[in-house]
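In what follows, a single structure is set out as structure tokens and then discussed.
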Amino acid sequence: MTTKITDPMSMAVAALDAMDEHAARVREVAVRLLSEHAAGLPKLIGIRVFAGCSGPRVDLQPRTNEAAAQWAQALGVTLTESFAGDRDGWRQWHMSGSIDVDGVRVHVGAMEWVPSVAADAREVAA
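In our numbering, the protein residues as written are 7 to 132.
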């Protein structure tokens with residue numbers, strides 16, 4: 007039997023407790039992944055951590071899509087590829103994917119600008 011919290015103050019305290027627990031898991035997973043993999047993989051230009059009510063998450067952002075593919079392979083992440091926009095003959099080429107590591111969503115993603123012609127050719131080939 008579970009008890010549903012309905013008191014606003016108790017709900018706020020429960021949310022803060024969950025955030026603290028998420029923050030501890032995020033830190034543990036991020037430190038472990040970086041210490042296990044960072045030495046042999048391309049440098050990251052961004053590491054973002056989230057411990058809010060939507061759950062624990064770590065975002066790893068390599069500089070290039072090729073570097074994202076290397077990180078993804080090391081972590082066992084399947085990347086998806088997408089293209090967006092068209093500005094002066096250039097399009098955004100996104101590669102991203104996620105995996106769960108000990109209850110923490112780990113997201114790997116990067117974006118590059120590519121000529122629209124090359125992007126169109128990649129989309130047709132896929």
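Note that beta-carbon positions come from the ideal geometry of N, C-alpha and C, so glycine has one too.
Limits of the unbroken beta strand (DSSP E) element including residue i
i	result
N108	Note that residue 108 is Asp in the sequence shown here, rather than Asn. No beta strand (DSSP E) holds D108; DSSP gives it neither H nor E.
A90	T86 to R93
L66	R63 to P68
L47	Taken as a continuous stretch (DSSP letters only), L47 belongs to no beta strand (DSSP E), as it is neither H nor E.
Boundaries of the alpha helix (DSSP H) in which residue i is found, first to last residue
i	result
R31	P14 to H43
L81	N71 to L81
C-alpha distance - residue i paired with residue j, whole-angstrom precision
i	j	result
E34	V120	36 Å
V55	A29	8 Å
G61	L47	27 Å
A57	V32	7 Å
G52	R69	8 Å
A80	H43	7 Å
M7	V37	Confidence at M7 is low in this model, with a pLDDT of 49, below 50, so its placement is unreliable and the value that follows should be read with caution. Looking at the two C-alpha atoms, the distance is approximately 36 Å.
A21	V114	27 Å
H100	G91	11 Å
R93	W77	29 Å
S102	A75	9 Å
S104	A45	21 Å
S41	R63	17 Å
Cβ distance (whole Å) where residue i is taken to contact residue j below 8 Å
i	j	result
F89	A125	5 Å
V107	L39	7 Å
C59	A18	Their Cβ separation, rounded to whole angstroms, is 11 Å, which puts C59 and A18 out of contact at 8 Å.
L50	V112	In fact, because the Cβ distance is near 12 Å, the residues do not count as touching under 8 Å.
Closest Cα partner of residue i within the set the options
i	options	result
G95	D26, L22, K49 and S122	S122
E27	L50, L66, A74 and G109	G109
E72	P14, S104, M15 and L85	L85
D97	E118, E87, H113 and G103	Looking at the sequence provided, one finds Arg at residue 97 rather than Asp. Ranking E118, E87, H113 and G103 by Cα distance to R97 puts E118 first.
R128	S41, E87, A74 and P14	E87
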